[in-house]
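Chemist: One structure is given below, represented as structure tokens, and several questions about it will come after.
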Amino acid sequence: MIISGTFLGDKKDSLYALKVKRIYFNVDESELEKFLNNEKIYFIILFFENTLKSFNFKYKKKSCNLYLRNIVLEVEDIEKSIIEKNNKQLNLEFISWEIEKADYIRLINIIKKEIELGTFYQVNLTNRATFYNTENPKDIFFSFFLSQKVPFAYFLNFNSFFLISGSMELFLKRKKNLIISGPIKGTISKKENIKNLFSEKELSEHLMIVDIMRNDINKVGREIKVDLFKVKKYSTLYHLVSYIYGETSLDNYLLIKNVL
């Protein structure tokens with residue numbers, strides 16, 4: 002298992018190798034409390050039911066085998082990992098999208114109507130692409146990480162399958178009683194004028210998501226403070242991020258349960 006240093010409070014472009022003692026698959030939500038409120042170090046991957054189910058979308062059976070299953074890894078040891086620089090060209094052959102264009106458009110229209118009805122403020126409608134791969138999964142991870150050094154990245158080898166993930170966004174961080182969230186909304190290419198990041202459209206969307214996270218943090222904390230409109234620079238783009246701070250006395254399990 003390899004994770005980026007930000008998970009451990011180190012700089013974002015560092016990587017660490019974690020020795021895993023034990024893996025728990027298919028962990029029910031009711032069982033998470035014993036891991037979240039434990040002094041041992043655990044890496045927990047939470048899978049959520051895809052909201053497309055609410056819109057009567059039929060899944061392709063083969064795409065569901067790894068979905069909706071929580072995984073908990075008990076970490077035994079942590080050591081600094083060497084970033085393996087690999088200049089070889091990766092060869093990934095695109096096969097298909099899980100949601101075809103017609104269904105995707107239909108879902109967008111349904112979401113628009115639900116937003117008008119006040120069902121929710123926003124929806125991140127994602128899609129899943131399938132590729133034919135002959136590459137070493139670790140090479141894919143290092144290639145991805147070196148091209149865009151995101152603060153939250155990990156590589157997991159389960160032998161029968163692999164998980165590769167990377168994100169710029171801090172959903173929730175806890176340091177003793179201090180909790181921090183860093184929502185991102187607003188993205189432009191580095192080729193664009195940075196002033197475009199502060200357009201009326203970008204700021205409106207950004208303030209909406211900040212308001213949502215501030216309300217969520219307010220449910221579990223006190224002394225809420227907001228630090229608005231910070232520009233984060235990455236290899237190919239700029240992000241607009243704000244930070245929400247609060248104090249909480251809840252344990253880890255109740256904190257996450259009430260914020261998610």
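Under my numbering, the first residue of the sequence shown carries the number 2, and numbering increases by one thereafter. For each residue, glycine too, the CB sits at the ideal point set by N, CA and C.
Under 8 Å between the Cβ atoms of I180 and G119?
Modeler: Contact: no.
Chemist: Around the C-beta of V232, are 16 or more other C-beta atoms found within 10 angstroms, so that it is buried, or is it exposed?
Modeler: So V232 counts as exposed.
Chemist: For a quick check, are the C-beta atoms of I46 and I4 less than 8 Å apart?
Modeler: Not in contact: I46 and I4 (Cβ atoms no closer than 8 Å).
Chemist: T127 by DSSP, collapsed to three states: which one?
Modeler: DSSP places T127 in coil when its eight states are reduced to three.
Chemist: From the DSSP output, in three-state form, read off D29 for me.
Modeler: D29 falls in the coil class under three-state DSSP.
Chemist: Please name the residue in S250, L74, L256 whose C-alpha comes closest to that of N27.
Modeler: Minimum Cα distance to N27 is reached at L74.
Chemist: Can you grab the Cα-Cα spacing for the pair D140 / I185, in whole Å?
Modeler: Using only the alpha carbons, I get a separation of about 28 Å.
Chemist: Per DSSP, F121 forms a beta bridge with which residues?
Modeler: In DSSP, F121 forms no bridge with anything.
Chemist: According to DSSP, simplified to helix, strand and coil, what is N71?
Modeler: Three-state DSSP puts N71 in coil, outside helix and strand.
Chemist: By Cβ distance below 8 Å, which residues in the same chain neighbour V227 in space, the five residues on each side in sequence not counted?
Modeler: Here the set comprises V211, R215, S243, Y244, I245, Y246.
Chemist: Looking only at its chain, what residues have a beta carbon closer than 6 Å to the beta carbon of E34, apart from the 5 residues adjacent to it on each side?
Modeler: Closer than 6 Å at Cβ, skipping near neighbours: Y254.
Chemist: Expressed to the nearest angstrom, what Euclidean distance is found between the alpha-carbon atoms of Q123 and I109?
Modeler: One C-alpha to the other measures close to 11 Å.
Chemist: Can you tell me whether D217 is buried or exposed, with buried defined as 16 or more other CB within 10 angstroms of its CB?
Modeler: Classification for D217: buried.
Chemist: I need the DSSP call for E115, collapsed to helix, strand or coil.
Modeler: Helix, per DSSP.
Chemist: Give the straight-line distance between the Cα atoms of E136 and F44, rounded to the nearest whole angstrom.
Modeler: Approximately 26 Å, taken between the alpha carbons.
Chemist: Are the segment 89-102 and the segment 126-133 touching by the rule of at least three beta carbon pairs closer than 8 Å?
Modeler: In short, these stretches touch, since the Cβ pair count reaches three.
Chemist: Which same chain residues end up closer than 6 Å to G187 when comparing Cβ atoms and leaving out the 5 residues on each side of it in sequence?
Modeler: These residues qualify, in order along the chain: L198, E203, H207, L241.
Chemist: Skipping 5 residues on each side, what residues in its chain have a beta carbon closer than 7 Å to that of N128?
Modeler: Excluding residues within five positions, the ones whose Cβ falls inside 7 Å are W98, E99, I100, Y105.
Chemist: Could you tell me the alpha carbon to alpha carbon distance between S250 and G167, rounded to whole angstroms?
Modeler: Distance between the alpha carbons of S250 and G167 is about 30 Å.
Chemist: Mind checking F48: buried by the 16 CB within 10 Å criterion, or exposed?
Modeler: With fewer than 16 Cβ atoms within 10 Å of its Cβ, F48 is classed as exposed.
Chemist: Which two residues bound the contiguous alpha helix (DSSP H) that contains N219?
Modeler: First-last of the alpha helix (DSSP H) with N219: 201-221.
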